[in-house]
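K.L.:
Handing you this structure, nothing more for now.
In the working numbering, the protein residues as written are 14 to 261.
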């Protein structure tokens with residue numbers, strides 16, 4: 014079962030998430046000399062800034078950051094997850110303390126399959142692989158949309174059944190922009206740890222579905238069920254009000 018950590022203020026949610034991230038960071042650096050992380054966009058990024066930027070224990074130069082999904086737009090576009098990460102996190106880190114960040118190649122943006130193939134190659138070359146050749150991230154940081162989507166894996170979409178590609182193309186995202194790439198369930202299953210950040214009363218209806226459905230169909234709920242490593246949910250009290258779950 015996932016571990017749900019609930020706090021009544023956004024700063025406290027960020028600090029709770031940061032404490033777990035630092036623990037995983039230190040374990041990973043001790044084992045391999047690096048911390049391999051995949052991140053999504055959205056409000057998750059501001060939570061990382063609040064909890065990690067002024068934290069003396071954060072070792073950003075040891076981080077290798079990838080994106081769990083990315084929109085196929087220029088890196089400085091308002092829809093770019095990299096652009097959001099830069100504005101809300103990277104620009105707040107001293108230049109000599111920057112993590113290594115792996116982005117999509119702008120030169121390939123007109124060819125969706127070429128982008129996804131290149132990004133999968135970047136991941137395979139730079140992230141440790143398990144015995145089945147699947148990349149193993151030390152931590153995948155995720156958000157949860159009001160429809161229960163995570164990464165760019167949407168309810169009922171064919172990509173939920175993708176088992177061979179580690180990074181796949183989506184041309185028909187129900188949420189704009191339509192053209193994206195996303196990591197797939199084989200990568201999510203293999204991760205050493207997964208952490209969701211979900212805040213606000215607007216998330217309560219979907220979290221009720223995620224945690225109370227006996228047979229999960231929403232992508233975020235499927236992550237809870239199939240992940241082989243621990244899954245953490247860092248949430249605000251309002252996001253889980255009326256939701257039947259055990260909280261820490």
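Backbone N, C-alpha and C define an ideal beta-carbon position, used for all residues, glycine too.
With respect to the alpha helix (DSSP H) encompassing residue 261, which residues constitute its N-terminal and C-terminal limits?
P.N.:
Position 248 of the chain shown, counting from 1, holds the residue named residue 261. Note, residue 261: premise wrong, no alpha helix (DSSP H); not H, not E.
K.L.:
Relative to the alpha-carbon of residue 180, which residue among 201, 169, 56 has its alpha-carbon at the smallest distance?
P.N.:
Locating residue 180 in the chain shown gives position 167, counting from the first residue. For residue 180, the nearest C-alpha among the options comes from 201.
K.L.:
With residue 216 and residue 197 assumed to form a contact (beta carbons below 8 Å), what rounded beta-carbon distance in angstroms separates them?
P.N.:
If you number the chain shown from 1, residue 216 lands on position 203. If you number the chain shown from 1, residue 197 lands on position 184. No, residue 216 and residue 197 are not in contact; Cβ-Cβ is about 24 Å, not under 8 Å.
K.L.:
Which residue comes first and which comes last in the alpha helix (DSSP H) that contains residue 233?
P.N.:
Looking up residue 233 in the chain shown gives position 220. 232-239 is the extent of the alpha helix (DSSP H) around residue 233.
K.L.:
Residue 17 and residue 13 - do their beta-carbons sit closer together than 8 Å?
P.N.:
Since the first and last residues shown for the chain are 14 and 261, residue 13 lies out of range.
K.L.:
Let me know if residue 252 comes out buried or exposed under the rule of 16 or more other beta-carbons within 10 Å of its beta-carbon.
P.N.:
By 1-based counting over the chain shown, the position of residue 252 is 239. With 16 or more Cβ atoms within 10 Å of its Cβ, residue 252 is classed as buried.
K.L.:
Output the boundary residues of the alpha helix (DSSP H) element that contains residue 140.
P.N.:
Residue numbering aside, residue 140 sits at position 127 when the chain shown is read from its first letter. No alpha helix (DSSP H) contains residue 140, which DSSP labels as neither H nor E.
K.L.:
Can the beta-carbon of residue 78 be found closer than 8 Å to that of residue 112?
P.N.:
As a working note, residue 78 is residue 65 in the chain shown. As a working note, residue 112 is residue 99 in the chain shown. A contact, by the Cβ cut-off of 8 Å.
K.L.:
Mind the definition here: the region 137-146 touches the region 90-108 only if three or more C-beta pairs lie below 8 Å; say whether that holds.
P.N.:
No, because fewer than three Cβ pairs between the region 137-146 and the region 90-108 fall closer than 8 Å, the two stretches do not touch.
K.L.:
Ordered along the chain, which non-local residues of its own chain (more than five positions away) have a Cβ less than 7 Å from that of residue 191?
P.N.:
Along the chain shown, one-based indexing puts residue 191 at 178. Excluding residues within five positions, the ones whose Cβ falls inside 7 Å are 184, 185.
K.L.:
With H, G and I counted as helix, E and B as strand and the rest as coil, what does DSSP make of residue 80?
P.N.:
In the chain shown, residue 80 corresponds to position 67, counting from 1. Correct three-state label for residue 80: strand.
K.L.:
Quick one: measure Cβ to Cβ for residue 85 and residue 128, integer angstroms, because I've assumed they're closer than 8 Å.
P.N.:
As a position in the chain shown, residue 85 is number 72, starting the count at 1. As a position in the chain shown, residue 128 is number 115, starting the count at 1. Right, their Cβ atoms sit about 6 Å apart.
K.L.:
Tell me the rounded alpha-carbon separation between residue 105 and residue 149.
P.N.:
Position 92 of the chain shown holds residue 105. Position 136 of the chain shown holds residue 149. Taking the straight line from one Cα to the other gives about 28 Å.
K.L.:
Can you tell me the Cβ-Cβ gap for residue 64 and residue 27, rounded? I've got them flagged as a contact below 8 Å.
P.N.:
One-based indexing of the chain shown puts residue 64 at position 51. One-based indexing of the chain shown puts residue 27 at position 14. Yes, residue 64 and residue 27 are in contact; Cβ-Cβ is about 4 Å, under 8 Å.
K.L.:
At 3 residues or longer, and completely inside the region 163-230: list those beta strand (DSSP E) runs for me, N to C.
P.N.:
The region 163-230 contains these whole beta strand (DSSP E) runs: 180-183, 193-196, 207-211.
K.L.:
Can you tell me the Cα-Cα spacing of residue 46 and residue 151, whole angstroms?
P.N.:
Indexing the chain shown from 1 puts residue 46 at position 33. Indexing the chain shown from 1 puts residue 151 at position 138. Near 12 Å, if we compare the C-alpha coordinates of residue 151 and residue 46.
K.L.:
Going by the DSSP bridge assignment, what does residue 247 pair with across the sheet?
P.N.:
Numbered from its first residue, the chain shown carries residue 247 at position 234. Bridge partners of residue 247: 18, 210.
K.L.:
At which residues does the alpha helix (DSSP H) containing residue 152 begin and terminate?
P.N.:
The count along the chain shown starts at 1 and reaches residue 152 at position 139. Taken as a continuous stretch (DSSP letters only), residue 152 belongs to no alpha helix (DSSP H), being part of the beta strand (DSSP E) at 152-155.
K.L.:
DSSP three-state call for residue 51: helix, strand or coil?
P.N.:
Residue numbering aside, residue 51 sits at position 38 when the chain shown is read from its first letter. Correct three-state label for residue 51: strand.
K.L.:
How is residue 113 classed by DSSP in three states: helix, strand or coil?
P.N.:
As a first step, residue 113 must be located in the chain shown, where it is residue number 100. DSSP places residue 113 in strand when its eight states are reduced to three.
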